[in-house]
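Contents: one structure, followed by commentary.
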Amino acid sequence: MGLIDRTSTIIKSKINKILGKFEDPRETLDYSYEKQLELLQNVKRGVAEVTTAKKRLELQKVKLEQNITKLDDQAREAVKAGREDLARIALERKSTSQAEIANLSGQIADVAKQQEKLMATEKSLSTKIETFRSTKETIKAQYSAAEAQVKITESVSGISEEMSDVGMAVQRAQDKTEEMKARASALDELVEAGTLEDVTGGTKDDIERELSKIKSKGEVDSQLEALKKEMGK
């Protein structure tokens, strides 16, 4: 296979793939069914035309047969009248008509065969088309059901993914909240320990911190003395 042939094959393959992606098999089946119906109509027209031609030949044959009867009577009358010349003419025309009838009989037989063949074709094609129609509707129904199932599944999957995203967002928010709580607690401890200054609560110098410690120690000592007296020690 040459380069051009291979390129052509690849291009056709790509085109078929693209067309297949957008093709709706239901539309394709309906189109095929319509084309078959058109073919059936053509066959029916062919049967009608052949039947008409056969009927026309049969009418010509009937006229010739009637003419033969007439010529035969004329020949007899001519003989009775002593006119052999007229009788001869009538018999010659009769012979010609008989030959034409034989020819027409052959044509009628041929047309009749064509008619039978076309009628058999029409019957067979009608059966096949009806079978195809039933199969087509079944396939279309199955495709529609499958398509609906795919859409439902895709919709449900989309909802599940969305809910999963929401769950992850909630988890992230909770984690950040816990992290922020821990950080706030740590900062409070550092402020209480004096490692960090609470800028919102005012500033304390070293003297104030020492006085606070003394005050706190005095309160503890007072509570301890009160407890000793209560216990009798």
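Numbering of the sequence shown is given in the working numbering, commencing with residue 423 and proceeding in unit increments.
We put the beta carbon where it would ideally sit given N, CA and C, even for glycine.
Residues near residue i in its chain [Cβ-Cβ closer than 7 Å; skip 5 each side]
i	result
Gln-458	Ile-551, Phe-554
Euclidean distance between Cα positions of residue i and residue j
i	j	result
Gly-654	Ser-644	16 Å
Leu-526	Leu-462	30 Å
Gln-571	Ala-470	48 Å
Glu-499	Ala-521	23 Å
Tyr-453	Ser-556	15 Å
Val-533	Thr-543	15 Å
Lys-637	Ile-629	12 Å
Glu-576	Gly-468	52 Å
Gly-504	Lys-485	28 Å
Gly-624	Glu-611	Bear in mind that the predicted position of Gly-624 carries a pLDDT of just 49, short of 50, making it unreliable; the figure below should be weighed with that in mind. Gly-624 and Glu-611: Cα-Cα distance of roughly 17 Å.
Thr-560	Glu-456	17 Å
Ala-595	Ile-574	31 Å
Glu-600	Ala-606	10 Å
Gln-593	Leu-646	50 Å
Gln-529	Ala-497	29 Å
Cβ pair residue i, residue j closer than 7 Å
i	j	result
Ala-509	Val-501	yes
Lys-539	Arg-448	no
Leu-451	Lys-558	yes
Option nearest residue i by Cα separation, candidates the options
i	options	result
Lys-476	Ala-531, Ser-577, Ala-606, Glu-499	Ala-531
Ser-519	Thr-450, Gln-488, Arg-467, Glu-641	Gln-488
Gln-482	Lys-539, Ser-607, Ile-523	Ile-523
Val-472	Ile-561, Gln-536, Arg-505, Thr-557	Gln-536
Lys-545	Tyr-453, Glu-652, Glu-514, Lys-466	Lys-466
Asp-446	Ser-566, Thr-560, Ser-548, Asp-507	Ser-566
Glu-460	Leu-547, Gln-529, Thr-474, Ile-490	Leu-547
Met-541	Leu-649, Ala-497, Asn-464, Gly-640	Asn-464
Proximal residues to residue i (C-beta, below 6 Å), its chain only, five neighbours per side dropped
i	result
Ile-440	Unreliable placement is indicated for Ile-440, whose pLDDT of 49 sits below 50; the coordinate value is still reported in the next sentence. If we look at Ile-440 and ignore the five residues flanking it on each side, it has no Cβ neighbours.
Whole-number beta carbon distance between residue j and residue i, since they are thought to touch under 8 Å
i	j	result
Lys-516	Asp-494	6 Å
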